[in-house]
Amino acid sequence: MTRNNANELLDLIRILGFNMFDAVLFLDTHPRNQQALEHYKQYQQLMDQATKEYTTYFGPLTSDDVNVTNGWTWGETPWPWEREAN
Numbered sequence: 001m002t003r004n005n006a007n008e009l010l011d012l013i014r015i016l017g018f019n020m021f022d023a024v025l026f027l028d029t030h031p032r033n034q035q036a037l038e039h040y041k042q043y044q045q046l047m048d049q050a051t052k053e054y055t056t057y058f059g060p061l062t063s064d065d066v067n068v069t070n071g072w073t074w075g076e077t078p079w080p081w082e083r084e085a086n
């Protein structure tokens with residue numbers, strides 16, 4: 001994996017996050033809409049996969065993504081925005 005792949009993966013995570021947020025706004029006013037629920041679930045699965053891939057190769061995106069089996073590694077890798085700037 002290269003830095004370009006990291007940026008592409010971050011872009012994908014942002015797109016998926018936007019889609020999920022958009023679905024949440026709709027579901028707030030239409031909580032029983034099955035099509036919207038399925039849309040949200042689909043994007044949630046894609047987000048989980050993309051986040052897992054990112055954290056595996058490039059480190060945690062949030063403190064929730066830290067693997068604590070080897071200690072607290074939150075600050076050991078460059079932050080996502082630091083990676084983009086290089």
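In the UniProt record's numbering, the protein residues as written are 1 to 86.
Note that CB positions come from ideal geometry on N, CA and C, so glycine has one too.
Just so you know, these numbers come straight off a predicted model, no measurement behind them.
My understanding is that residue i touches residue j, with C-beta atoms under 8 Å, so please give their C-beta distance in whole angstroms.
i	j	result
Met20	Tyr54	With 8 Å as the limit, Met20 and Tyr54 do not qualify as a contact, their Cβ atoms being about 16 Å apart.
Ala50	Leu25	Wrong, their Cβ atoms sit about 21 Å apart, outside the cutoff.
Leu61	Leu16	In fact, because the Cβ distance is near 12 Å, the residues do not count as touching under 8 Å.
Of all the options the options, which has the alpha carbon lying nearest to the alpha carbon of residue i?
i	options	result
Trp72	Trp81, Gly59 and Glu82	Gly59
CB-CB under 6 Å to residue i, same chain, minus the five flanking residues each way: which ones, in chain order?
i	result
Leu12	Ala50
Grab me the residues of residue i's own chain with a C-beta within less than 8 Å of its C-beta, minus the 5 sequence neighbours each way, in chain order.
i	result
Ile31	A quick correction: the sequence has Pro, not Ile, at residue 31. Closer than 8 Å at Cβ, skipping near neighbours: no residue.
Leu27	Asn33, Ala36, Leu37 and Tyr40
Among residues of its own chain, excluding the 5 on either side of residue i, which ones have a beta-carbon nearer than 7 Å to its beta-carbon?
i	result
Ala23	Ala36, His39, Tyr40 and Tyr43
Three or more C-beta pairs closer than 8 Å, one from the stretch 65-80 and one from the stretch 26-39: is that the case here?
no
Mind listing, in chain order, the continuous alpha helix (DSSP H) runs of no fewer than 4 residues lying wholly within the UniProt domain "Protein CotJB" (8-82)?
The UniProt domain "Protein CotJB" (8-82) contains these whole alpha helix (DSSP H) runs: 34-58.
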